[in-house]
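For the sequence shown, the numbering used here assigns the number 31 to the initial residue and increments by one for each residue that follows.
Accompanying notes for the structure given below.
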Amino acid sequence: MDALIDSWLGRIGEAGARGGKLAIRGGGSKAFYGGVETGEPFAVGEYRGIVAYEPTELVVTARAGTRLADLAATLAAKGQWLPCEPPHFGSQATVGGMLACGLSGPRRQAMGAVRDFVLGVRLLDGRGQILTFGGQVMKNVAGYDVPRLLAGSLGTLGVILEVSLKVLPQPVAECSLRFAIDEAAALQRLNQWGGRPLPISASAWHEGVLTLRLSGAAAAVAAAQRTLGGELLAAADAAAFWQALREHEHAFFAGEGPLWRLGLPSVAPPPGLGPTLI
C-alpha cells in the first residue's frame with residue numbers, strides 16, 4: 031500500500047506543477063452527486079481493507095476504498111453497525127465516498143449524520159502531504175474538528191486515505207407502523223411524539239400515509255407500539271420500505287421535477303405541499 035500512495039504523491043505533484051486537476055473516484059456509486067467532474071480520473075478504489083477494529087471499544091478504522099458492504103458485514107458479525115445508515119447506491123460504494131458525500135439515511139434524525147460518527151481521518155492533500163486529524167477515541171480535543179469538515183467535501187480538501195468511525199450495537203428490536211393521515215395531522219403527531227421518550231428511529235410521509243420505525247430495547251419498542259397504535263408492517267415489508275427509502279428507490283424519487291429538502295422549525299405551520307411532500 032505504501033507504493034500505491036507513493037505513486038499518488040507523484041501524480042499529485044505533477045498535477046500541481048502544471049496547474050492540472052484530478053477527479054478523485056472511488057467506487058463510482060455516487061458519480062451523479064455534486065457538480066460535473068472535471069480533470070484527469072484519479073482512481074483510489076484499490077486502497078481498501080479494514081486497518082483496525084475493536085468491537086469492545088466501538089471503533090473501526092478502514093481504508094477509504096473499503097466497500098461499505100464489506101464493512102457492514104464485518105460489523106454485523108459482531109452485532110454492530112453504522113447508525114447513520116448511509117446510502118450505498120450500488121454494490122461498489124466505499125467508505126471514502128460515504129464521507130466525501132456526507133449522505134445519511136432515514137435514521138439520521140434519531141442517530142445523527144455521517145459526520146457525527148467520524149473520529150479521525152488520514153488525508154493526502156493537494157501539496158502531496160499526508161495529514162492525520164483526530165484519532166480513534168470518542169473524546170478528542172486536538173484542535174479543529176477537521177474530520178467532520180471532510181463530510182460532504184466531495185474531495186475538494188484532498189484524497190481521503192483512512193477513516194476511523196464510531197459504531198454502535200444494533201438495536202435488539204425493531205418494528206414499523208403505518209397511519210393513514212393527512213399532512214397536517216402527520217406533522218402534528220411527529221411534533222408531539224418528538225417530545226416524548228419514544229424509540230422512533232425514522233419517519234416518512236407520502237400521499238396520505240405516515241410510516242414510522244421504532245428501534246431499541248424489546249420492552250421499549252413493544253410499549254411504544256401499544257401506545258401509538260397504527261398498522262404493524264411485516265418485518266420483510268418494513269425492511270424493504272426503509273432500504274428503498276435509504277437508496278432513493280421509491281417511485282417518488284423518480285419524478286421529473288427537482289427534489290427539495292426543507293428545514294423548518296417544529297412550530298412552523300404545515301407547508302401545504304400535499305402529495306408532493308415526502
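Cβ atoms here follow ideal geometry from the backbone N, Cα and C, with glycine treated the same way.
Being a predicted model, the structure only gives us computed values, none of them experimental.
The beta strand (DSSP E) enclosing Arg55, as first and last residue numbers: Going by DSSP, Arg55 is part of the beta strand (DSSP E) stretching over 52 to 55.
Cβ pair Gly127, Ser59 closer than 8 Å: Yes, they are a contact pair.
Any 3 or more C-beta pairs closer than 8 Å across the segment 184 to 192 and the segment 219 to 230: Not touching, per the Cβ criterion.
Cβ contact check for the segment 94 to 107 and the segment 73 to 83: 3 or more pairs under 8 Å: Contact check between the segment 94 to 107 and the segment 73 to 83: three or more CB pairs, one atom from each, fall below 8 Å, which counts as touching.
Alpha carbon of Gly64 to alpha carbon of Thr257, nearest angstrom: Across the structure, Gly64 and Thr257 are spaced so that their CA atoms are roughly 42 Å apart.
Cβ neighbours of Gln200 in the same chain (closer than 6 Å, five flanking residues each side left out): Here the set comprises Gly109, Trp111.
Buried or exposed (CB count within 10 angstroms, at least 16 for buried), Ala143: Around the Cβ of Ala143, a 10 Å sphere holds 16 or more other Cβ atoms; the residue is buried.
In DSSP terms, what Lys108 is bridged to: The bridge partners DSSP lists for Lys108 come to none.
For Cys205, three-class secondary structure by DSSP: Strand.
Where Leu153 falls: helix, strand or coil (DSSP): In this structure, Leu153 counts as strand in the three-state DSSP scheme.
Pick from Asp155, Ser231, Glu192 that is closest to Glu115, judged by C-alpha positions: Nearest of Asp155, Ser231, Glu192 to Glu115, Cα basis: Ser231.
C-beta contact flag for Leu198 and Pro117 at 8 Å: Contact flag unset, no.
The segment 241 to 252 touching the segment 205 to 213, judged by at least three CB pairs closer than 8 Å: Because the criterion of three Cβ pairs below 8 Å is met, the segment 241 to 252 and the segment 205 to 213 touch.
Ranges of the alpha helix (DSSP H) found wholly within the segment 251 to 299, counting only runs of at least 4: Segments of the alpha helix (DSSP H) lying fully in the segment 251 to 299: 265 to 276.
Span separating the alpha-carbon of Lys196 from that of Gly285: C-alpha of Lys196 to C-alpha of Gly285: approximately 36 Å in a straight line.
Classification of Pro301 by the beta-carbon crowding that lies within 10 angstroms, buried from 16 upward: Exposed, because fewer than 16 other Cβ atoms sit within 10 Å of the Cβ of Pro301.
Pick from Gly69, Leu129, Ala102, His236 that is closest to Gly282, judged by C-alpha positions: Here residue 282 is Phe; the residue named in the question, Gly, does not match the sequence. In this structure, His236 is the residue among Gly69, Leu129, Ala102, His236 with its C-alpha nearest to the C-alpha of Phe282.
Neighbour-count burial assignment, Arg276, 16 or more Cβ in a 10 Å radius: Counting the other CB atoms within 10 Å of its CB gives Arg276 a total of 16 or more, which places it among the buried residues.
Reference Gln122, options Leu292, Val89, Gly132, Gly56, closest by Cα: Nearest in C-alpha terms to Gln122, of all of Leu292, Val89, Gly132, Gly56, is Gly56.
Cutoff 6 Å; reference Ala216; Cβ partners in own chain excluding five residues on either side: Closer than 6 Å at the Cβ level, and outside the excluded window around Ala216, lie Trp235, Leu240.
Cβ-based neighbour list, Val176, same chain, cut-off 6 Å, excluding 5 preceding and 5 following: Leaving aside the five residues that flank Val176 on each side, the residues in its chain whose CB is nearer than 6 Å to its CB run, in chain order, Phe163.
Through-space distance from Ala61 to Gly156, alpha-carbon basis: If you take the alpha carbons of Gly156 and Ala61, they lie about 21 Å apart.
Coarse secondary structure for Phe72, derived from DSSP in three states: Correct three-state label for Phe72: strand.
Expected contact under 8 Å - CB spacing of Leu153 and Ile190 to nearest Å: The Cβ separation is near 6 Å, so the contact holds.
Neighbourhood of Gly120 by C-beta distance below 6 Å, restricted to the same chain and skipping five residues each side: Setting aside the 5 residues that flank it on each side, Gly120 is surrounded in the same chain by Ser59, each with a C-beta closer than 6 Å to its C-beta; the list follows chain order.
Backbone CA spacing between Pro136 and Gly69 [nearest angstrom]: Taking the straight line joining both Cα atoms gives about 34 Å.
Residue environment, Val202, which counts as buried when at least 16 other CB atoms sit within 10 Å: Exposed, by the Cβ-count rule.
Beta strand (DSSP E) runs contained entirely in the segment 82 to 142, provided each spans 3 or more residues: Taking 3 residues as the minimum length, the beta strand (DSSP E) runs contained wholly in the segment 82 to 142 are 89 to 93, in order along the chain.
Per-residue DSSP class, three states only, for Gly43: In the structure shown, Gly43 adopts helical secondary structure according to DSSP, grouped into three states.
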